[in-house]
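Okay, so here's the structure we're looking at.
2 protein chains.
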Amino acid sequence: MSEVIDFGKTDGLVPVVVQDDTSGAVLMLAYMNRAAFERTVASGYATYWSRSRRTFWVKGETSGNRQRVRAIHVDCDGDTILLRVEQQGGAACHEGYESCFFRRLDGETWRVIAERVVDPASLYPPKP
Amino acid sequence: MSEVIDFGKTDGLVPVVVQDDTSGAVLMLAYMNRAAFERTVASGYATYWSRSRRTFWVKGETSGNRQRVRAIHVDCDGDTILLRVEQQGGAACHEGYESCFFRRLDGETWRVIAERVVDPASLYPPKP
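Structure follows, in structure tokens:
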């Protein structure tokens, strides 16, 4: 089933739009290579490829805010995935917001238009 | 206001998630460079950068199914845009579906889970 997805365009990666299956909010954008896609399907939890760390990234592995997969869609060109998830812990964003898209353009100014749902310090507590 | 957006990561382009402002459906993913972003803001209609044709792409310029901008969001890292739009003509996808993500994984099979809202032939009629 991963054959439908075109991993050939951008260094073996496809962008993944992540949408909350209940609220419909667009939570974040991440990337998958074929192996991350297959791990996501097999485990039922979102697993991405971190472009900066160059490693698999099980979303929420550190914070506990994992993403349970509810549905996986592919677009007409086969080069983008839409993942509908149950966002555990209520926050997808490392800054403590439900969605990473918490800033909206208002005239010429970006304004924060959401309330934090969790304290970011609680997501990544300092190691003892 | 485009200074907040990090156009430096991928050949001057950022991915743009396009969401219907009314239905909440994720319609498509496209790309903008800084100039396309500024044209979008100035015109109020979604203008992307076509990676394949290497040119600006006013969505709906041919089909008439333009996207009126309702809101522009940026993510925490400043490297992805979320565009909330009014999708004119009801279909964002060139195949005649509301959303380009009309296929969903069902076991190991991708199934079409939406109905066409317009005849694709009517979107791009043959030139006389």
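Protein chains in written order, with the working numbering: chain L, -18 to 109; chain X, -18 to 109.
Each residue gets a CB set at the ideal place from its N, CA and C atoms; glycine is no exception.
Kindly indicate the opening and closing residues of the alpha helix (DSSP H) around residue i.
i	result
residue 101/L	101 to 104
Less than 7 Å between C-beta atoms, sequence neighbours within five positions excluded: which residues of the same chain meet that for residue i?
i	result
residue 39/L	26, 28
residue 97/L	77, 78
residue 5/L	none
residue 113/L	Only positions -18 to 109 of chain L appear in the structure, and residue 113/L is not among them; the question remains open.
residue 100/L	77
residue 43/L	105
residue 57/L	none
Here's the rule: buried if 16 or more other CB atoms are within 10 angstroms of the residue's CB, otherwise exposed. What is residue i?
i	result
residue 92/X	exposed
residue 105/X	exposed
residue 1/X	buried
residue 34/L	exposed
residue 31/X	exposed
residue -4/X	buried
residue 7/L	buried
In this structure, how does DSSP classify residue i when only helix, strand and coil are distinguished?
i	result
residue 98/X	coil
residue 18/L	helix
residue 52/X	strand
residue 72/L	coil
Would you tell me roughly how many angstroms separate the C-alpha atoms of residue i and residue j, rounded to the nearest one?
i	j	result
residue -12/X	residue 103/X	36 Å
residue 41/X	residue 55/L	22 Å
residue 59/X	residue -10/X	11 Å
residue 85/L	residue 66/X	13 Å
residue 15/X	residue 88/X	40 Å
residue 75/X	residue 45/X	11 Å
residue 81/X	residue 24/X	24 Å
residue 70/L	residue -1/L	15 Å
residue 62/L	residue 18/X	23 Å
residue -18/L	residue -18/X	41 Å
residue 72/X	residue 107/L	48 Å
residue 13/X	residue 90/X	32 Å
residue 3/L	residue -8/X	35 Å
Since residue i is in the beta strand (DSSP E), which residue starts that stretch and which ends it?
i	result
residue 66/X	62 to 68
residue 82/L	Here residue 82/L belongs to no beta strand (DSSP E), and DSSP marks it neither H nor E.
residue 29/L	28 to 31
residue 6/X	Where residue 6/X is concerned, there is no enclosing beta strand (DSSP E), given that its DSSP letter is neither H nor E.
residue 93/L	90 to 93
residue 39/L	36 to 39
Can you find the residues in the same chain that come closer than 6 Å, C-beta to C-beta, to residue i, ignoring five residues on each side of it along the sequence?
i	result
residue 95/L	78, 83
residue 36/L	none
Who are the near neighbours of residue i in its chain, counting only those whose CB is closer than 8 Å to its CB and skipping five residues on each side?
i	result
residue 10/L	-4, -3, -2, -1, 81
residue 53/L	21, 22, 62, 63, 64, 65
residue -14/L	-5, 15, 18, 55, 59, 60, 62
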